[in-house]
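Comments concern the structure below.
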Amino acid sequence: METNQLPTLKELVGEEVEVFNNDAFNLLLNQSPPANWVAKHPFAKDVHYLTIQRVEILLTRIFQQWRVEVISYSQLFNSVSCHVRLHYINPITKQWQYHDGLGAVGVQTDKGETASNLNAIKQDAVMKALPAAKSFAIKDAAGHLGKLFGRDLNRKDIVEFKPQYNTQWNK
47 METNQLPTLK ELVGEEVEVF NNDAFNLLLN QSPPANWVAK HPFAKDVHYL TIQRVEILLT
107 RIFQQWRVEV ISYSQLFNSV SCHVRLHYIN PITKQWQYHD GLGAVGVQTD KGETASNLNA
167 IKQDAVMKAL PAAKSFAIKD AAGHLGKLFG RDLNRKDIVE FKPQYNTQWN K
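Okay, structure coming up:
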């Protein structure tokens, strides 16, 4: 009678070195961003964020090669919305990967007017709102990479990342 043997941890997760490298990389991505990089939102109370400049420099320093693909943009009620795909080369696997992100910004109108009054929309409203929506979408996509990119800045309940593997394989 044949007995079924469960696979070992090493067989399940692949190459030992790559697993440890992925774990160390995930630990890096799940560190808190430096406090001096975190900005307070100028209008919303108790809302914090990383500027697009900080996110872009982190992407460049960590991934070296990355690019943004605009999937779509549209009008959404009185806002402009943007859907992007953030492509990056995983430095461990050397494979291209991606995360999607969404962003939206309200269009500016004359004082006391609403965006439903098309005549009240400022002439340069879309010119300002669409790039801002794209920046928010990039930051949203980057947030999926980990805490370092601002993922947990405005969350009340946070689960800390703990590395899954140590230097000794359980056999």
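Heads up: take any position in the sequence shown, counting from 1, add 46, and you land on the working numbering. By construction, the Cβ of each residue, glycine as well, lies at the ideal position given by its N, Cα and C atoms.
Between PHE182 and LEU148, the CB-CB gap stays under 9 Å. DSSP places GLU115 inside the beta strand (DSSP E), whose first and last residues are 112-122.
Between ALA171 and ALA161, the alpha-carbon positions lie close to 10 Å from each other. In chain order, HIS94, TYR95, LEU96 and THR97 place their CB closer than 8 Å to the CB of ALA85, counting only its own chain and leaving out the 5 sequence neighbours on each side. Judged by beta-carbon spacing, LYS185 lies beyond the 9 Å limit of VAL114, meaning their Cβ atoms are not closer than that value.
In this structure, GLN77 lies near LYS193, with their beta-carbon atoms less than 9 Å apart. Of the candidates GLY189, GLN210, ASN72 and ASP156, GLY189 places its Cα closest to the Cα of ASP146. Relative to LYS91, the option among ASN200, LEU176 and ALA150 whose CA is nearest is ASN200. With fewer than 16 other CB atoms across the displayed protein chains lying within 10 angstroms of its CB, SER118 is exposed. In this structure, DSSP gives ASP146 an extended state, which the three-state scheme calls strand.
Residue pairing from DSSP places LYS86 in a beta bridge opposite HIS94.
Taking C-alpha positions only, PRO209 is separated from VAL151 by approximately 37 Å. Straight-line spacing of the CA atoms in ASP156 and LEU164 works out to 10 Å. Residues of the same chain with a CB within less than 6 Å of the CB of LEU191, apart from the 5 flanking positions on each side, are LEU75 in chain order.
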